[in-house]
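To start, the structure itself, in structure tokens.
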């Protein structure tokens, strides 16, 4: 994974990363694909208090969010460990399932 990028392009802040993460195989083992839409759903679940203030515009191979820098920095803090640690991601996915929140790519 090349890493999460927090950029400012043409006056607009963005957070993005290529969807090739250390947890891809774990997500596949659960029967899903860790694509941009999967990570959008994860972001929506873990950050309900502010994700609606962001514009999520992911593609199959890339996660992308646009908005205020402070919201993007907060999302990066919450999302980054999940892209790196299969155990943390499994815990979040299990909690989402218990709460009836659908996360799929």
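Residue numbers (the working numbering): 1129 to 1233. Glycine residues also receive a C-beta, built at the ideal position from the N, C-alpha and C atoms.
{"Item": "For residue 1232, which residues in the same chain have their Cβ closer than 6 Å to its Cβ, ignoring the five residues on either side in sequence?", "Value": "1160"}
{"Item": "How many angstroms separate the CA atom of residue 1220 from the CA atom of residue 1150?", "Value": "16 Å"}
{"Item": "Can you tell me where the alpha helix (DSSP H) with residue 1192 in it begins and where it stops?", "Value": "Per DSSP, residue 1192 belongs to no alpha helix (DSSP H); it is in the beta strand (DSSP E), 1190-1194."}
{"Item": "Mapping the DSSP letters down to three states, classify residue 1231 as helix, strand or coil.", "Value": "coil"}
{"Item": "Using 10 angstroms around the beta-carbon of residue 1227, count the other beta-carbons present and answer buried if the total reaches 16, otherwise exposed.", "Value": "exposed"}
{"Item": "In the structure shown, what three-state DSSP assignment does residue 1206 receive?", "Value": "helix"}
{"Item": "With a threshold of 8 Å on Cβ separation, who are the neighbours of residue 1235 within its own chain once the five nearest residues in sequence on each side are excluded?", "Value": "Absent from the model: residue 1235. The displayed extent of the chain is 1129 to 1233, so no value can be given."}
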